[in-house]
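In this note's numbering, the protein residues as written are 7 to 204.
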Ligand SMILES: Nc1nc2c(ncn2[C@@H]2O[C@H](COP(=O)(O)OP(=O)(O)OP(=O)(O)O)[C@@H](O)[C@H]2O)c(=O)[nH]1
Ligand SMILES: [Mg+2]
């Protein structure tokens with residue numbers, strides 16, 4: 007198996023329109039999930055570099071489509087989160103339009119990392135996104151974030167509850183991670199290496 011050196015990550019480009027997207031020929035991995043779920047933090051944690059992607063306690067930090075190159079082996083895409091109600095309505099719409107257009111652009115999306123906060127009941131948007139992924143046959147990993155906020159026992163209880171309220175199959179790839187204490191990250195990296203470069 008070819009290993010991916012996740013520490014070799016670099017910023018590539020900010021795109022404000024879907025037409026601005028680079029064509030690199032690399033497999034494209036997209037992070038989706040509601041605003042504040044920890045998409046940008048996960049990119050930084052994977053890369054071991056806190057300064058790579060912008061993180062903020064204020065939801066709506068990522069407003070464009072931001073591309074990162076990991077070790078010349080993966081193109082990783084940080085998307086604006088959905089459900090950011092604190093933004094003006096026009097802005098919220100523009101974010102989700104960008105997200106929508108992105109998924110409808112016909113780009114060769116190789117894998118979606120769909121992030122859901124382990125502590126919260128999935129929102130209608132979370133469910134809708136999962137339905138969309140299922141209906142389009144887009145391959146995805148489900149990544150439950152912020153697991154440092156719970157005990158291990160609580161994490162496994164929550165995962166069981168999630169499998170009841172969300173429509174994902176038993177053989178779906180599910181990860182419980184923390185970008186803060188790095189729990190679950192090695193498993194996720196390993197799975198990404200296997201998925202793309204076995
Ligand atoms: N405790 C804990 N906090 C986290 C974790 N991941 C992210 N956070 C915090 O959650 C907040 C939002 O993180 P971001 O990575 O900016 O979230 P995002 O999904 O990129 O948000 P948008 O760009 O608004 O869509 C920040 O305050 C992070 O420090 C985690 O694993 N554990
Ligand atoms: Mg972000």
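For glycine and all other residues, C-beta sits at the position ideal for the given N, C-alpha and C. Model, not experiment: these values are computed from the prediction.
**Item:** the stretch 112-123 / the stretch 32-43 touching (three or more Cβ pairs under 8 Å)
**Value:** yes
**Request:** Note down the Cα distance separating residue 107 from residue 113, rounded to an integer number of angstroms.
**Result:** Counted from its first residue, the chain shown places residue 107 at position 101. Counted from its first residue, the chain shown places residue 113 at position 107. The alpha-carbon atoms of residue 107 and residue 113 are separated by roughly 10 Å.
**Request:** Can you say whether residue 29 is buried or exposed, counting buried as having 16 or more other CB atoms within 10 angstroms of its CB?
**Result:** The residue given as residue 29 occupies position 23 in the chain shown. Flag for residue 29 reads exposed.
**Request:** Return the residue from the list 22, 131, 140 and 134 that minimises the CA-CA distance to residue 117.
**Result:** Within the chain shown, residue 117 is the residue found at index 111, counting from 1. For the residues 22, 131, 140 and 134, the minimum Cα distance to residue 117 belongs to 140.
**Message:** For a test of the three-state rule: what should DSSP assign to residue 107, helix, strand or coil?
**Reply:** As a position in the chain shown, residue 107 is number 101, starting the count at 1. Three-state DSSP puts residue 107 in a helix.
**Prompt:** Do you know whose CA, among 72, 44 and 195, lies nearest residue 52's CA?
**Reply:** What you label residue 52 is simply residue 46 of the chain shown in a count that begins at 1. It is 195 whose Cα lies nearest to the Cα of residue 52.
**Message:** Using only CA atoms, which one of 66, 175 and 188 lies nearest to residue 137?
**Reply:** Locating residue 137 in the chain shown gives position 131, counting from the first residue. Measuring from the Cα of residue 137, the nearest candidate turns out to be 175.
**Request:** Look up residue 91 in the DSSP assignment and say whether it is helix, strand or coil.
**Result:** Indexing the chain shown from 1 puts residue 91 at position 85. Any reading at residue 91 needs caution, since the residue's pLDDT is 48, under 50, leaving its predicted position unreliable; the model's value is listed next. If DSSP states are grouped into helix, strand and coil, residue 91 belongs with coil.
**Request:** Indicate, with yes or no, if ligand 2 has a heavy atom lying under 7 Å from the CB of residue 68.
**Result:** As a first step, residue 68 must be located in the chain shown, where it is residue number 62. True, at least one ligand heavy atom lies under 7 Å from that Cβ.
**Message:** On the CB-based measure, 16 or more other CB atoms within 10 Å of its CB, does residue 162 come out buried or exposed?
**Reply:** As a working note, residue 162 is residue 156 in the chain shown. Exposed, since its Cβ has fewer than 16 Cβ neighbours within 10 Å.
**Request:** Kindly indicate the opening and closing residues of the beta strand (DSSP E) around residue 183.
**Result:** Counted from its first residue, the chain shown places residue 183 at position 177. Premise fails: residue 183 is in no beta strand (DSSP E) and is neither H nor E.
**Contiguous beta strand (DSSP E) assignments of at least 3 residues, all confined to the stretch 11-62** = 15-21 and 34-38
**Request:** Pull up the CB-CB distance for residue 71 and residue 59, whole angstroms please, since I reckon it's below 8 Å.
**Result:** Here residue 71 refers to the residue found at position 65 when the chain shown is read from its first residue. Here residue 59 refers to the residue found at position 53 when the chain shown is read from its first residue. That pair is no contact at about 12 Å.
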